[in-house]
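Down below is the structure, laid out as structure tokens.
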Amino acid sequence: MAGMDDFYADMHRGIERNRNAADQIETAARYQQAVNQIAAERDEIQKDYDTLIGQNAGNLALRYSYAAELAKYVPDHPLVRDAALRDRIVRHAKDTIRATNGNWDAVRELGATFTMPRRS
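Letter 44 of the sequence shown, counting from 1, is numbered 1108 in this note's numbering, and no numbers are missing.
Below is the structure:
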């Protein structure tokens, strides 16, 4: 009889090992699903970042092109000669984008309606 008891005890341990292995496989599958989701979100964020970098590069190039042309034709314009004014516009733009939760239309409106000081 002792042999049968050992046999059943071994079988029970084997069944428990199989259950534990199945639980571990299920847990690993859930972890892999989470990893896959995070990787997809990371890829989307990277895509958005790359788009923003490209747009910023284009805007920077345009800004300098406009500034160079303005300096040729209106060298005494406040945007040409007043660095503090340019800094103030940039600061207002940063404040606007934060305050509007990323509303680029509000930033464009700021730029379009910013009041320039009179030239002396």
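Built from N, CA and C at the ideal position, the CB exists for glycine as well.
In this text the structure is predicted, and so the values were computed from the model without any measurement.
query, result
"Contact under 8 Å by Cβ, leucine 1174 with alanine 1157", "yes"
"Proximity of phenylalanine 1178 and isoleucine 1153 at Cβ, strictly below 8 Å", "yes"
"Straight-line Cα distance separating alanine 1086 from glycine 1078", "12 Å"
"Glutamine 1088 versus alanine 1098: straight-line alpha-carbon distance, rounded", "15 Å"
"Spatial distance of valine 1144 from alanine 1176 (CA atoms)", "17 Å"
"Limits of the alpha helix (DSSP H) - the one that valine 1138 falls within", "Segment: none, valine 1138 is in no alpha helix (DSSP H) and carries neither H nor E."
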